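S.K.: Protein chains in written order, with the working numbering: chain Y, 1 to 434; chain V, 1001 to 1434. Submitted below is the structure of interest, expressed as structure tokens.
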């Protein structure tokens, strides 16, 4: 039990969360004179960028998740605990979890973000978020269950509600989800449901701003919009959801859409553990940190990735909530922790923007890399390559690759199965075990 | 809507269940002058022989399931409904389901079998069955959750209970499950849980009869027992479970084993829908049928596969509950239904026994084909080939093959993830949606 014995001599770094940031940090502390303890409510790392493919039957859940214990196999100064963190107790350098208390010399909060319903209990209850694998599987089940139900529904309004799909939020997640639904309809459902008039199935994408893919280049915004419209997605920009009661959505312009399928990708907020004082919380419920990822006002509590808000001259409103930021912060913080332990001055964080990309459908993607922008088939292959390579584990790369090649040539999706039928009750349970 | 229009003219065959038998029957009715309506509580076909690999993290659930709608893509006289059958009402030629009533000209019950707890509510509540994909996933979650829990358990007795695994029933399922657990321990968990003393993890196999793999040849029984013992499985034959309270198992010889992991594979019983009179039910809760698969006393209700009990001169106590019986009965019944409709005499069923096999671990399997019996590496490859070929769908074959090759060379298992944490409450839910 290396970690135990070393705990006698080496300072203990507790990392809350096994996302992109937490993993990079722990990996970069390998063979360093610290004891690393990682806590996560899941025993696996989730590759969130591909959750939408799990939700739409393109990939098995298991191929975008990776056991955390396995990632750190053979790293002697690493220990993992499957636990939910309840609260941080800075004055005692302790954290309280559902499996007991742990004491840290240095604490790193890498808890990421969760869906933001902007305070609306109604939207939180009735819409479907997609931030975790159980949520993506619920979404998959709900989509298929509602299609099955539409076959036996005789009331035309209720039937329409089952066949109208509304995706809220025109960011990468919303765009990729809407595109994926359009392809599911076009290539798969037509054959699966010969009895069903597929033209009765509508896919709406609702975005509050004037454009989709706001953070990307005007070219990418334009062509992603064109791609989506080609694929039959009805895009509504400058539009918001005012109300949703589970059957009918009321839009900010007063129009209504009857639907039982509202997919929520309209916003995220930092998932801050209890015990962090309110004055440390910035916009989007993110923890205020300095350029060394140190939480303002502390000398031993750090935050990285989506849950952290670091405002610099280049990013006055904080950095974007994307994997590369978390990864680069994790890598740097590993170095800085060692420097701090050795009484050396830490190095300030500087984000290297590698660019951004989104995929809309087969042969349809958009890529911005600095001044270079391209769209279409080549962009799509670049998107696939980058995502394939970012997957943890050779087996996952292999299985996802096999699935993608298979789908590309067969126009088919492997996994349109209702393994756990979705119901609101189970949803509230999942929110406890997300 | 071909099925609808044809319903005007052609007799309607309702098939309850999309298992091996139901699928064969429906396929063989393609282009015949009947309307086929299949009902299943799942929207997918489950390849039950590989459930144990899902339970032990070897395979994704999605790769041993196949969407039923897709199997019958393009079969114009086929309709599918995702429904639970509540009751058969022979006098009205109707069945009652959770989505309404359906009327048949010919009804085929192909509902298969479910775990048999021999009337013990205690065993039903506390042990883990493995007949459906949700159950296999619960089992996977429970195994991993209890390992995690054992790390933080300080009470030695409670720790032992978390690390003792008891498999009940030495049939193929029990043997394959015990073997798979032994390999998981040997090749995977040792590295995943360096803190854990793996020798504290015990795997017991409890069998009521004097031998494991009762239906197979003495050679196969002997070598499978040897294989299991080599792999460290503690086998107890002539032994039964008297009591289990969720923490401690009491055996028929009075001995006790503290364990929180009891895997139930000790027996099955036919899953007979409501409305079938008790006098039609034979041993093992199977429906009595004649050699034409006709339920005794009816002219329009048939039963095939595990749920049916046909006693012939070769099989006075009914046929074995294995896939080949269901498949052959489904194929023959398709022919016989057409003959009956055309007022021709039906052909009696004759089971062609293709032999039986079981796998214990890598390079370890046993095969009986008539008088030919062999064990070991070759048997193991035969087992893999036969199972790979029996999987529905090229994509599933491909993904399973990739996983098996990967595991063989890496000694690893891909999917040891707790995606839906298991708790007793969720279990009772799953039993409703199995």
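Virtual Cβ for every residue (Gly too), placed ideally from N, Cα, C. What you are looking at is a predicted structure, and each value in this text was computed from that prediction instead of being measured.
Under 9 angstroms Cβ-Cβ, which residues of chain Y neighbour residue 1060 (chain V)?
M.R.: Those are 60, 61, 62, 63, 399 and 415, listed as they occur along chain Y.
S.K.: In chain order, what residues of the stretch 265-291 of chain Y put their CB closer than 8 angstroms to some CB of chain V?
M.R.: Answer in chain order: no residues at all.
S.K.: Excluding the 5 residues preceding and the 5 following residue 1180 (chain V) in the sequence, name in chain order all residues of the same chain whose CB lies nearer than 6 angstroms to its CB.
M.R.: 1052 and 1056, listed in sequence order.
S.K.: In chain order, what residues of the same chain have a beta carbon less than 6 angstroms from the beta carbon of residue 81 (chain Y), not counting five sequence neighbours either side?
M.R.: 39, listed in sequence order.
S.K.: Can you give me, in chain order, the residues of the stretch 36-53 of chain Y that have a beta carbon less than 8 angstroms from any beta carbon in chain V?
M.R.: Hits within the stretch, in order: 42, 43 and 44.
S.K.: Mind checking who residue 234 (chain Y) pairs with in its DSSP beta bridge?
M.R.: Note: residue 234 (chain Y) sits in a beta bridge opposite Y:204.
S.K.: When burial is assigned at 16 or more other CB atoms within 10 Å of the CB, is residue 1252 (chain V) buried or exposed?
M.R.: Exposed: under 16 other Cβ atoms inside 10 Å.
S.K.: Any C-beta of chain V sitting closer than 7 angstroms to the C-beta of residue 67 (chain Y)?
M.R.: Cβ-Cβ to chain V under 7 angstroms: yes for residue 67 (chain Y).
S.K.: Any beta-carbon of chain Y closer than 7 angstroms to the one on residue 1016 (chain V)?
M.R.: Not one chain Y Cβ lies under 7 angstroms of residue 1016 (chain V).
S.K.: Which chain Y residues are close to residue 1100 (chain V), counting only those with a beta carbon under 9 angstroms from its beta carbon?
M.R.: Within 9 angstroms Cβ-Cβ: 152.
S.K.: Could you name the residues of the stretch 1132-1162 of chain V whose beta carbon sits closer than 7 angstroms to any beta carbon of chain Y, in the order they occur along the chain?
M.R.: The residues in question are 1133, 1134, 1144, 1148 and 1152.
S.K.: List, in order along the chain, the chain Y residues whose C-beta lies closer than 7 angstroms to that of residue 1420 (chain V)?
M.R.: Within chain Y, the residues near residue 1420 (chain V) are 134 and 420.
S.K.: Residues of chain V with a CB under 7 angstroms from the CB of residue 12 (chain Y): which are they?
M.R.: Residues of chain V passing the Cβ test: none, with the nearest at roughly 15 angstroms.
S.K.: Just how far apart, CA to CA, sit residue 1397 (chain V) and residue 1277 (chain V)?
M.R.: C-alpha separation (whole angstroms): 41 angstroms.
S.K.: At a Cβ threshold of 7 angstroms, is residue 1185 (chain V) touching chain Y?
M.R.: Residue 1185 (chain V) does not count as touching chain Y.
S.K.: Return helix, strand or coil for residue 1150 (chain V), following the three-state DSSP convention.
M.R.: Reduced to three states, the DSSP call for residue 1150 (chain V) is helix.
S.K.: Answer yes or no: does any C-beta atom of chain Y fall closer than 7 angstroms to that of residue 1219 (chain V)?
M.R.: No, residue 1219 (chain V) does not count as interfacial toward chain Y.
S.K.: Under the DSSP definition of a beta bridge, which residues are partnered with residue 345 (chain Y)?
M.R.: In the DSSP output, where bridge partners are listed per residue, residue 345 (chain Y) has none listed.
S.K.: Using a C-beta to C-beta distance shorter than 9 angstroms, which residues of chain Y count as neighbours of residue 1406 (chain V)?
M.R.: Here the neighbours are 394, 395, 398 and 399.
S.K.: Which residues does DSSP list as the beta-bridge partners of residue 1077 (chain V)?
M.R.: Beta-bridge pairing links residue 1077 (chain V) to no other residue.
S.K.: What separation, rounded to the nearest whole angstrom, lies between the Cα atoms of residue 1089 (chain V) and residue 1173 (chain V)?
M.R.: Distance between the alpha carbons of residue 1089 (chain V) and residue 1173 (chain V): 35 angstroms.
S.K.: Nearest-angstrom Cα distance between residue 1318 (chain V) and residue 1360 (chain V)?
M.R.: Rounded to whole angstroms, residue 1318 (chain V) to residue 1360 (chain V) spans 27 angstroms at the Cα level.
S.K.: Using a beta-carbon distance below 7 angstroms, is residue 6 (chain Y) in contact with chain V?
M.R.: Unreliable positioning characterises residue 6 (chain Y) in this predicted model, as indicated by a pLDDT of 44, which lies under 50. The coordinate reading is nonetheless provided below. Not an interface residue.
S.K.: Looking only at its own chain, which residues have a Cβ that is under 8 angstroms from the Cβ of residue 1354 (chain V), when we skip the five neighbours before and after it?
M.R.: The answer, listed in chain order, is 1324 and 1369.
S.K.: Would you report the Cα separation of residue 226 (chain Y) and residue 265 (chain Y), rounded to the nearest angstrom?
M.R.: Near 20 angstroms, if we compare the C-alpha coordinates of residue 265 (chain Y) and residue 226 (chain Y).
S.K.: Could I get the ranges of all uninterrupted alpha helix (DSSP H) runs contained in the stretch 165-199 of chain Y, with 4 residues as the minimum, in chain order?
M.R.: Those alpha helix (DSSP H) runs which fall completely within the stretch 165-199 of chain Y and span 4+ residues are 172-183.
S.K.: In chain order, which continuous runs of the alpha helix (DSSP H) of length 4 or greater are located wholly inside the stretch 214-264 of chain Y?
M.R.: 218-230, all fully within the stretch 214-264 of chain Y.
S.K.: Give the residues of chain V in contact with residue 70 (chain Y), contact being defined as C-beta atoms less than 9 angstroms apart.
M.R.: Near residue 70 (chain Y) (Cβ distances below 9 angstroms), the residues of chain V are 1188, 1191, 1192, 1412 and 1416.
S.K.: CA-CA distance, residue 126 (chain Y) and residue 254 (chain Y)?
M.R.: Near 19 angstroms, if we compare the C-alpha coordinates of residue 254 (chain Y) and residue 126 (chain Y).
S.K.: Ignore the nearest five residues each way along the sequence and tell me which others in residue 246 (chain Y)'s own chain have a CB closer than 6 angstroms to its CB.
M.R.: So the qualifying residues of the chain are 126.
S.K.: Under three-state DSSP, which class holds residue 1295 (chain V)?
M.R.: Reduced to three states, the DSSP call for residue 1295 (chain V) is strand.
S.K.: Among the residues of its own chain, which have a CB less than 7 angstroms from the CB of residue 320 (chain Y), if the five just before and after it don't count?
M.R.: Excluding sequence neighbours, residue 320 (chain Y) sits near 215.
S.K.: Using a 10 Å radius around the Cβ and a threshold of 16 neighbouring Cβ atoms, would you call residue 79 (chain Y) buried or exposed?
M.R.: Buried, since its Cβ has 16 or more Cβ neighbours within 10 Å.
S.K.: Classify residue 133 (chain Y): buried if its beta carbon has 16 or more other beta carbons within 10 angstroms, exposed otherwise.
M.R.: Classification for residue 133 (chain Y): buried.
S.K.: Mind reading off the beta-carbon distance from residue 54 (chain Y) to residue 136 (chain Y)? Whole number of angstroms is fine, and I expect it under 8 angstroms.
M.R.: Sure, about 4 angstroms apart at Cβ, within 8 angstroms.
S.K.: For my contact list, residue 1268 (chain V) and residue 1128 (chain V) are in at a C-beta cut-off of 8 angstroms; report their separation, rounded to the angstrom.
M.R.: Incorrect: roughly 15 angstroms between the Cβ atoms, too far for contact.
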